[in-house]
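Q: If you count by my numbering, then the sequence shown holds residues 8 to 988, one letter each, in order.
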Amino acid sequence: MKMNNEWVKDPKIFNINRLSATASIHRYASIKELKEKQSSFNYSLNGSWKFHYATGFNQLIPEFSNKDYCVDNWDEIKVPGHIQLQGYGKPMYVNQIYPWSGTQQIIPGELPDKNPIGSYVTYFDSSVIKDNVDTYITFHGVESAMALWVNGTFVGYSEDSFTPSSFNITDLIVNGENKIAVNVYRFSSGSWLEDQDFWRFSGIFRDVELQMVSHVHLKDIKILTHLNENYDHATVEVTPMIVKKEAKFKAVYTLKYKDEVIGQKESKDCCRPINFEFDDPHLWSAEKPNLYQLYVEIMDEKGLVECSQYNVGVREFKLIDGIMCINGKRIVFHGVNRHEFSAKTGRTVSYEDTKKDILNMKANNINALRTCHYPNQTFVYDLCDEYGLYVIDEVNLETHGTWSELFDKTHIIPDDKSEWLDIILDRANSMYERDKNHSSIIIWSLGNESYGGKNLYEMSKFMKQKDTSRLIHYEGLSHDRRYNETSDIESQMYTFAVDVEKYLNKHQDKPFILCEYAHSMGNSNGALFKYIDLEKKYPLYQGGFIWDYIDQALYHDGKLCYGGDFGERPSDYDFCGNGIVFANRTNTPKMQEVKYCYQYVDFRIDENDIHINNNYLFTDLNEYQLQMDLLCNGNVVQSKTMTVDCQPLSSVVVENSFKINNQNQEYALTVYLKKNNEIYAKQQYIYEIKNKTHNIHTTKHVDIVEDYLNVGVVGKDFNAIFSKQKGLVSYRYHQQEYIRVPVRPNFFRAATNNDVENKYGYRYGKWLTASLYAKCEFVGVSKGDSSCKVEYAYDLPNLQDEKVHLVYEVYGDGKIIVDMSYQPGVSEIEMPVFGLIFQLYKDMEEVNYYGYGPEENYIDRNKGALLGKYAYQVTDNLTPYLYPQECGNRTHVRKLSIIGENKKLEVEGKDFEFTALHYTPYELENARHKDELPNIYQTVLCINEKQMGIAGDDTWGAKTHDEFLLDKEKHHLRFSFKGKL
């Protein structure tokens, strides 16, 4: 047989000579090898391969696979890795459109004329092959299709980028040097099924290895667990598939829990199930990921031939009265979607980075993972089994670019088109067979955004025939209800919380999840708590999966790049930046809110008691420490730590034993639930201040120096100059000037990603004009006993002669009280921000404040913030979102100081917001990348009454919720500032 290039575009041909899919099996020749995880049955072909890049079929070298064809002068390429990240072609980011959109009009079953092919060659010596074995070669991930030759002989062809392709090459191996040759096709018929929202790459991007199997070996294994109705008796059912070549053998199956042997059984049957029954099992869940170990030893007459080990989590996941339950308890998914992605290597993600992701999810109360939108590397599931995450494992299927409400539905795939049925069933089967023994996988997903139809229904039936221990998920039914029984779950995307509630009030036939919600693009995740509130109100609402975990950005020339930065078109630009962690795997400020909303414990605190609700399903709170800190004006003055007994799904009341002595100060009680120095839940109660006064006591007087241009105010150790045309232009304390340019009102913020897509600029453009071009009108100056007032009115353009009134009251000790007010007239146009901009000198770098923190927060994203004292550097406050935008805000601030060389500016108010950056909102607004911002030349301090929330339901039109907008009827900002040495 020879390779036929016509196969590449034919959806009916996706597998030539590929071995049937099986469970992931790691074979070892001895117990020693197993303990050390070093197998002599495997030989890695990872490393440097020879490489030739062809821009199309006409540039292929047909004879390259011949044994004697010399490739010494070819380039080198790293395997695993993407072709486009190693100097060939360009990486491309698009969301739902196909890479050829706008360049060539084609329909499913056709391929673009420009279809680059990478030709790979490597060699291995026959000495690495054990005696008397069959040898398979396995490619764990090749995008999007591959053809394989060994020593010049065509072996086979395969599609499906995200599951293994294995071939038997035993009869083709010769003594000495052996040549492996592979063609990798960027586009194939499978590309129509791989229209996921990610970077478009090609190449051998996962491991390649030789796998050897003996004359008798375990070919496949299926492990199921069963529990009785009381969950106190378990059965572990093991169904092997042993292949032998006329040899006597026996298999020994040993089940252990840690070092305890639960049972051991011998069998001489190839396929007969083996059952282990035992009482009082240690159950697996995300909270308690207890794992048993199953050891399988295959022996012949001479002794051990091979052994392998499998982690077994004993658990039951099923519907009980229409509710999804894990081990009998209602499950709620506090989940996240996760693309496999590295900023350095694309979808070639290391074990170490993956483990870091899983541990970070656990530390931030994330309990579930959706493998959007393809099967991940096997070790992802191993880690989820070990550390405890519920997994929705998803078939490599998305055809978003073939359908939309705006498109002609003629070319939707797979839909009901028979020619696409076998290829999608093959993908489902490959995923199922490889991953079937992972306890963490509790739901199979049929794919993503591939509309509906009979083919998906057939896939659902196929999976249910294969596996009755898990549920079937598919979201696309919300667009096409013809085969509503395809999914066991009602799954939707980005439905607003209020609309979820409406749906649940009308439909109670299936459990409901949001497989994608809270779109986390840039500065986002406002009002996340509203979705969490639904969990407590509606049993059928069982949580959701935030979109998504990590920014998909790529390093290039030392900086992070998004779509379009490589000169590729078409592109969806920075729409790849939706992570709750940055591309470098550090947490974004959004994680503060996610962790709080996802916490398992609720607190209700008052002056007498702390009411604790334990929402864990299987965990007593006595496994944690309860820490209580009493703060006075942000400083911890009393602390107490204790252990509290509180069983799962129960409540307890703890006495609030702290007594408040001075009611003229601000007190707050912060309660933490901690384990191993990690905080897993928290809540704060702020006491009412009953006798707080703000009297200003100073005997120092001020002098006024006025001419036709300026008003100067002079006191001890300070002076201020107020321009009659521009406002406050100078504040000098102890001979140190603080102000670079005139202080001015501001009503605009740099657009967030959410703002951009909800037409913020169009709706609020008048406030940008007002901020830049308000006309300053001097009203007058008046003198009191120890102070003077300088008053201005700012005429706002395009706002029907409406004016902002601004009064500076200057005291003899250098303190200036600022009072800014605005009474909207007939316009009543929503205002993004109401405040003042102070443009200070760039040395003003250190910020200390008393308010909500520690991370940036907004009025619709501050439930995870706590009142306290915090500090940061202004340079570090520019949150590194891929696209510069509004960032760095703090809410409910009482005091702040900003410190430079030999000077400090102190600001105090009752309850205000502020940002301190090196850039104005207008500079942020005009930059598409961080390196487009100007060199640091100033520090910009924005003191605001308030700014509108940042929204987050989606990033294609969803606006800030009404309750997080500014009051349309009035605005008032009052604070003071003063220099200090």
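A virtual CB, placed ideally from N, CA and C, is assigned to each residue, including glycine. If you're wondering where the values come from, they're calculated on a predicted model, not measured in any experiment.
Determine, using beta-carbon pairs with one atom in the stretch 874-885 and one in the stretch 604-621, whether at least three such pairs fall under 8 Å.
A: No, the stretch 874-885 does not touch the stretch 604-621.
Q: How should residue 207 be labelled, buried or exposed, when 16 other C-beta atoms within 10 angstroms of its C-beta is the threshold for buried?
A: As a first step, residue 207 is located in the sequence shown; it is residue number 200 there, counting from the start. It counts as buried.
Q: Mind checking whether residue 272 and residue 264 have CB atoms under 8 Å apart?
A: For the purposes of this step, residue 272 is identified with residue 265 of the sequence shown, where counting begins at 1. For the purposes of this step, residue 264 is identified with residue 257 of the sequence shown, where counting begins at 1. Cβ distance not < 8 Å, so residue 272 and residue 264 don't count as in contact.
Q: Counting only the same chain and skipping the five closest in sequence on each side, list residues whose C-beta sits under 7 Å from that of residue 501.
A: Reading the sequence shown from its first residue, position 494 is the one you call residue 501. Only 523, 524, 526, 960, 961 meet the Cβ criterion.
Q: Look up residue 230 in the DSSP assignment and give the residues it is bridged to.
A: As a working note, residue 230 is residue 223 in the sequence shown. 245, per the DSSP bridge assignment.
Q: Which ranges does the beta strand (DSSP E) cover as unbroken runs of at least 3 residues, wholly within the stretch 176-242, from first to last along the chain?
A: Correct list: 184-192, 205-207, 215-220, 223-234.
Q: Using the C-alpha atoms, what's the distance from residue 894 back to residue 247?
A: Translated into the one-based positions of the sequence shown, residue 247 becomes position 240. Translated into the one-based positions of the sequence shown, residue 894 becomes position 887. Taking the straight line from one Cα to the other gives about 56 Å.
Q: So who's on the other strand from residue 296, going by DSSP bridges?
A: Against the sequence shown, residue 296 aligns to sequence position 289. Its beta-bridge partners are 291.
Q: Over what stretch of residues does the alpha helix (DSSP H) that includes residue 266 continue unbroken?
A: Your numbering for residue 266 matches position 259 in the sequence shown. From DSSP, residue 266 is part of no alpha helix (DSSP H); its letter is neither H nor E.
Q: With H, G and I counted as helix, E and B as strand and the rest as coil, what does DSSP make of residue 407?
A: The count along the sequence shown starts at 1 and reaches residue 407 at position 400. Residue 407 falls in the helix class under three-state DSSP.
Q: For a test of the three-state rule: what should DSSP assign to residue 382, helix, strand or coil?
A: Residue mapping note: residue 382 aligns to position 375 of the sequence shown, counting from 1. Three-state DSSP puts residue 382 in coil, outside helix and strand.
Q: Does the stretch 541-550 touch the stretch 60-78, meaning 3 or more C-beta pairs lie closer than 8 Å?
A: No: fewer than three Cβ pairs fall under 8 Å.
Q: Which first and last residues belong to the alpha helix (DSSP H) in which residue 768 is found?
A: Position 761 of the sequence shown, counted from the first residue, corresponds to residue 768. 767-780 is the span of the alpha helix (DSSP H), which, as asked, contains residue 768.
Q: Evaluate the contact criterion for the stretch 846-853 versus the stretch 939-954: three or more CB pairs, one atom per stretch, below 8 Å.
A: With the cut-off at 8 Å, the stretch 846-853 and the stretch 939-954 touch.
Q: Where does residue 611 land, buried or exposed, given buried means 16+ other C-beta within 10 angstroms?
A: Locating residue 611 in the sequence shown gives position 604, where the first residue counts as 1. Counting Cβ neighbours within 10 Å, residue 611 comes out exposed, since fewer than 16 surround it.
Q: Measuring CB to CB, does residue 717 end up less than 8 Å from residue 964?
A: To locate residue 717, count along the sequence shown from 1; it is residue 710. To locate residue 964, count along the sequence shown from 1; it is residue 957. No, the pair does not count as a contact, with Cβ atoms beyond the cut-off.
Q: Who pairs with residue 455 in a beta bridge, going by DSSP?
A: Here residue 455 refers to the residue found at position 448 of the sequence shown. Answer is 405.
Q: Report back the beta-carbon spacing between residue 817 and residue 720 to the nearest angstrom; my notes put them in contact at under 8 Å.
A: The residue you call residue 817 lines up with position 810 of the sequence shown. The residue you call residue 720 lines up with position 713 of the sequence shown. So it is a contact: roughly 5 Å between Cβ atoms.
Q: Whose CA, out of 710, 731, 730, lies closest to the CA of residue 724?
A: Against the sequence shown, residue 724 aligns to sequence position 717. The shortest C-alpha separation from residue 724 is found at 710.
Q: Suppose contacts are defined by Cβ-Cβ distances below 8 Å. Is residue 472 in contact with residue 485 by that definition?
A: As a first step, residue 472 is located in the sequence shown; it is residue number 465 there, counting from the start. As a first step, residue 485 is located in the sequence shown; it is residue number 478 there, counting from the start. For residue 472 and residue 485, no; Cβs fall outside 8 Å.
Q: Using only alpha-carbon positions, find the residue among 53, 36, 863 that is nearest to residue 45.
A: On the sequence shown, position 38 is the one that residue 45 refers to. Closest by alpha carbon: 36.
Q: Could you check what DSSP says for residue 425 in three-state terms: helix, strand or coil?
A: The residue labelled residue 425 in the question sits at position 418 within the sequence shown. Helix at residue 425.
Q: Looking only at its chain, what residues have a beta carbon closer than 6 Å to the beta carbon of residue 628, apart from the 5 residues adjacent to it on each side?
A: Within the sequence shown, residue 628 is the residue found at index 621, counting from 1. Cβ within range, chain order: 621, 651, 653.
Q: With burial defined as no fewer than 16 other Cβ atoms inside 10 Å of the residue's Cβ, what is the status of residue 280: buried or exposed?
A: Taking the sequence shown and counting its residues from 1, one reaches residue 280 at position 273. With fewer than 16 other Cβ atoms within 10 Å, it is exposed.
Q: Restricting to Cα atoms, I'd like to know which of 133, 430, 405, 149 is closest to residue 419.
A: Residue numbering aside, residue 419 sits at position 412 when the sequence shown is read from its first letter. Ranking 133, 430, 405, 149 by Cα distance to residue 419 puts 405 first.
Q: For residue 120, tell me which candidate among 477, 808, 42, 66 has the shortest Cα-Cα distance.
A: By one-based count along the sequence shown, residue 120 stands at place 113. Here the closest residue by C-alpha is 66.
Q: For the stretch 100-116 and the stretch 163-173, state whether three or more C-beta atom pairs, one from each stretch, are separated by less than 8 Å.
A: Touching, no.
Q: Tell me whether residue 794 is buried or exposed, calling it buried when 16 or more other Cβ atoms sit within 10 Å of its Cβ.
A: Looking up residue 794 in the sequence shown gives position 787. Looking at its Cβ environment, which holds 16 or more other Cβ atoms inside 10 Å, residue 794 is buried.
Q: Only counting the same chain, and skipping five residues up and downstream in sequence, which positions put a Cβ closer than 8 Å to that of residue 375?
A: Along the sequence shown, read from residue 1 onward, the residue named residue 375 stands at position 368. Result list for residue 375: 293, 340, 341, 342, 343, 396, 397, 398, 399, 550, 552, in chain order.
Q: Determine, using beta carbons only, whether residue 625 and residue 295 come nearer to each other than 8 Å.
A: Here residue 625 refers to the residue found at position 618 of the sequence shown. Here residue 295 refers to the residue found at position 288 of the sequence shown. Yes.
Q: Considering just the uninterrupted stretch of the beta strand (DSSP E) at residue 813, what are its terminal residues?
A: Taking the sequence shown and counting its residues from 1, the one referred to as residue 813 is at position 806. Here the beta strand (DSSP E) through residue 813 covers 810-818.
Q: Looking only at C-alpha atoms, which of 302, 267, 277, 275 sits nearest to residue 285?
A: What you label residue 285 is simply residue 278 of the sequence shown in a count that begins at 1. Cα-wise, what sits closest to residue 285 is 267.
Q: Compare the beta carbon distance of residue 997 and residue 922 with 8 Å and say whether it is the shorter of the two.
A: As displayed, the chain neither begins before 8 nor continues past 988, which places residue 997 out of reach and without an answer.
Q: Is the beta carbon of residue 604 closer than 8 Å to that of residue 686?
A: Translated into positions along the sequence shown, residue 686 becomes position 679. Translated into positions along the sequence shown, residue 604 becomes position 597. Contact: no.
Q: Check this for me: beta carbons of residue 584 and residue 578, under 8 Å apart or not?
A: Residue 584 sits at position 577 when you count from the first residue of the sequence shown. Residue 578 sits at position 571 when you count from the first residue of the sequence shown. No.
Q: Going residue by residue through the stretch 841-870, where are the continuous alpha helix (DSSP H) segments of at least 4 residues, counting only ones entirely within it?
A: DSSP runs (the alpha helix (DSSP H)) wholly in the stretch 841-870: none.
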